[in-house]
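First comes the structure, then the notes that go with it.
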């Protein structure tokens, strides 16, 4: 795998379960890593912290300012936006709106902030990855906010791949659509599940590296479903 | 057209261009109309006002409380959510995040609030209509927030049509996907356009009435594109 001009990558949500795995993997490849999150990831060379409870615009301002202060004249080779979360609730749930609000903040705000950051700091030919979810291609009655937020991310991915999206020349964007990621929290809350159908975080981290630096890139705007069976994961372009 | 049990309908965004047309049309059919908006629509029998600048949860609370105070033991025959707006901007626009935030508030907040309201106040067999947009089925690079918000509305519509969505028994939801509505604002800002391809508000208002009270209902969860050519509008199920 040939190393491209910039060896700096950014992980948005770098302190979460997937984010931490991606930070570790990129570090193991001798890359310089910026983590963006509410808390510090000590493994990353640089951390940009977001203040919880602030507005969408303020969070974007904190990120773009913080990252540009670190980069100076450099550009990022890749932005991996793996920020997100999960909350359930149908229309009859008293938590419907509260949870939809949270999902929009965790998935839509972060994805747009990552796109905005890409327009400002991603190198020509660089990569932006967003995190959607496989269930969001159909209805998700038990998790309405989650599904709608991820559908917005999927459509944003399409927009970013269009001409005049504001993305740097030759750059690409794609979205991953996991079914279930094999995280500690998922093991805790779904302890009776069949883990052989869950996607290992190491697979995702390696996929990101190969997509940023390898020579078999997904088409710009791709929706990449992660399908794991018998502990083997395949990528399926939707 | 047979009149169903409840003759009370609600127009969310009832003071806007499309909302006002829907309120007028429903009044002309001797229906009782509740308008929900930031300002009063004098033509509606009842108005529930939302306070601008409040949170999503607070706006939903104002709406559900206000509507239930009016309805008492009655239920709504239909909820027409036509709240919304438009703002442009790609990822390179300084207004990208500000406009995306506004689009989420105007389309996603309102659609979820309408769904929540439906779960609480819509009659069994009643109708919920949401407002999406035809361009949002593909990428929308010049209006990223708008497209993503409308994509979220489209996915929410699918969720509402699923079993266990929390919607009342036998109720239906569908989304309209206009290309361009023939509103005063659109005439003002796109004065050189071919108006024969714009969908008249009267068509939409009549469609809503027929769908709420007529005997040719769209399937639950339908995405209904409004295609106008030579001043003739057709509905196309996507």
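Residue numbers (the numbering used here), protein chains in the order written: chain A, 15 to 252; chain B, 15 to 252.
Ideal Cβ placement from N, Cα and C applies to all residues, glycine included.
Asked: Hey, quick one: how far does the alpha helix (DSSP H) through residue 78 of chain B stretch, first residue to last?; Found: 70-85
Asked: Classify residue 127 of chain A: buried if its beta carbon has 16 or more other beta carbons within 10 angstroms, exposed otherwise.; Found: buried
Asked: Quick one: list the residues of chain B neighbouring residue 176 of chain A, beta-carbon separation under 7 Å, in chain order.; Found: 153, 155
Asked: I want to verify the contact list: residues of chain B whose CB lies under 7 Å from the CB of residue 130 of chain A, in sequence order.; Found: 105, 110, 111
Asked: Rounded to whole angstroms, what is the Cα-Cα separation between residue 264 of chain A and residue 234 of chain A?; Found: In this structure chain A extends from 15 to 252, so residue 264 of chain A is not present and cannot be described.
Asked: Do you know offhand how far residue 62 of chain B's Cα is from residue 191 of chain A's?; Found: 40 Å
Asked: Kindly indicate if chain C contains any beta-carbon less than 9 Å away from that of residue 170 of chain A.; Found: Any reference to chain C falls outside this structure, whose protein chains are A and B.
Asked: Under the three-state reduction of DSSP, which class applies to residue 51 of chain B: helix, strand or coil?; Found: strand
Asked: Tell me whether residue 18 of chain A sits in a helix, a strand or coil according to DSSP, three-state version.; Found: Residue confidence is low: residue 18 of chain A scores 47 on pLDDT, short of 50, so the model does not pin down where it sits. Its coordinate-derived value is still stated next. In the structure shown, residue 18 of chain A sits in coil (DSSP, three-state: anything other than H, G, I, E or B).
Asked: If you drop the 5 nearest sequence neighbours on each side, which residues of the same chain put their C-beta closer than 7 Å to that of residue 41 of chain A?; Found: 47, 57
Asked: Would you list, in chain order, the members of the stretch 222-236 of chain A that have their beta-carbon closer than 8 Å to a beta-carbon of chain B?; Found: 235
Asked: List, in order along the chain, the chain A residues whose C-beta lies closer than 7 Å to that of residue 133 of chain B?; Found: 105, 106
Asked: The alpha helix (DSSP H) that contains residue 224 of chain A, what's its start and end?; Found: 215-227
Asked: Between which two residues does the beta strand (DSSP E) holding residue 241 of chain B run?; Found: 236-243
Asked: Mind pulling the chain B residues with CB within less than 9 Å of residue 161 of chain A?; Found: 166, 169, 170, 172, 173
Asked: Rounded to whole angstroms, what is the Cα-Cα separation between residue 75 of chain A and residue 238 of chain B?; Found: 38 Å
Asked: In angstroms with no decimal places, state the Cα-to-Cα distance between residue 36 of chain B and residue 142 of chain A.; Found: 43 Å
Asked: Can you check DSSP and say which residues form a bridge with residue 246 of chain B?; Found: B:243
Asked: Residue 51 of chain A touches chain B at which residues, Cβ-Cβ below 9 Å?; Found: What residue 51 of chain A touches in chain B: nothing, since even the nearest Cβ is about 18 Å away.
Asked: Between the stretch 180-196 of chain B and chain A, which residues of the former have CB atoms less than 8 Å from a CB of the latter, in chain order?; Found: 180, 181
Asked: Looking at the C-beta of residue 138 of chain B, does it have a partner C-beta in chain A at a distance below 9 Å?; Found: no
Asked: Starting from the C-beta of residue 70 of chain A, find all residues in its chain whose C-beta is less than 6 Å away, skip the five residues before and the five after it, and write them out in chain order.; Found: 123
Asked: Name the chain B residues whose beta carbon is nearer than 9 Å to that of residue 126 of chain A?; Found: 105, 110, 111, 114, 115, 158, 159, 162
Asked: On a Cα-Cα basis, can you pick out the residue from A:200, A:159, A:88 that is closest to residue 20 of chain A?; Found: A:88
Asked: Please classify residue 245 of chain B: is it buried, with 16 or more other beta-carbons within 10 angstroms of its beta-carbon, or exposed?; Found: exposed
Asked: Do the CB positions of residue 6 of chain B and residue 158 of chain A come within less than 9 Å of each other?; Found: Outside the shown range of chain B (15 to 252) lies residue 6 of chain B, about which nothing can therefore be said.
Asked: Quick check: is the beta carbon of residue 70 of chain B nearer than 9 Å to any beta carbon in chain A?; Found: yes
Asked: Is the beta carbon of residue 179 of chain B closer than 9 Å to that of residue 139 of chain B?; Found: no
Asked: Pop quiz: residue 163 of chain A and residue 121 of chain A are said to be a contact at Cβ under 8 Å. What is the actual Cβ separation, rounded to whole angstroms?; Found: 4 Å
Asked: Got a sec: which bits of the stretch 71-88 of chain A sit with their beta carbon under 9 Å from any beta carbon on chain B, in order along the chain?; Found: 71, 73, 74, 75
Asked: Leaving out five residues on either side along the sequence, give the residues of the same chain with a beta carbon under 7 Å from the beta carbon of residue 148 of chain A.; Found: 191, 192, 193, 239
Asked: So for residue 200 of chain A, helix, strand or coil by DSSP?; Found: helix
Asked: Looking at the strands, I want to know which residues DSSP matches up with residue 64 of chain B.; Found: Bridge partners of residue 64 of chain B: none, in fact.
Asked: For residue 130 of chain A, does the count of other Cβ atoms within 10 angstroms reach 16, so buried, or fall short, so exposed?; Found: buried
Asked: If we define contact as Cβ-Cβ less than 9 Å, is residue 24 of chain B a contact residue for chain A?; Found: no
Asked: Is residue 121 of chain A helix, strand or coil when you go by DSSP?; Found: helix
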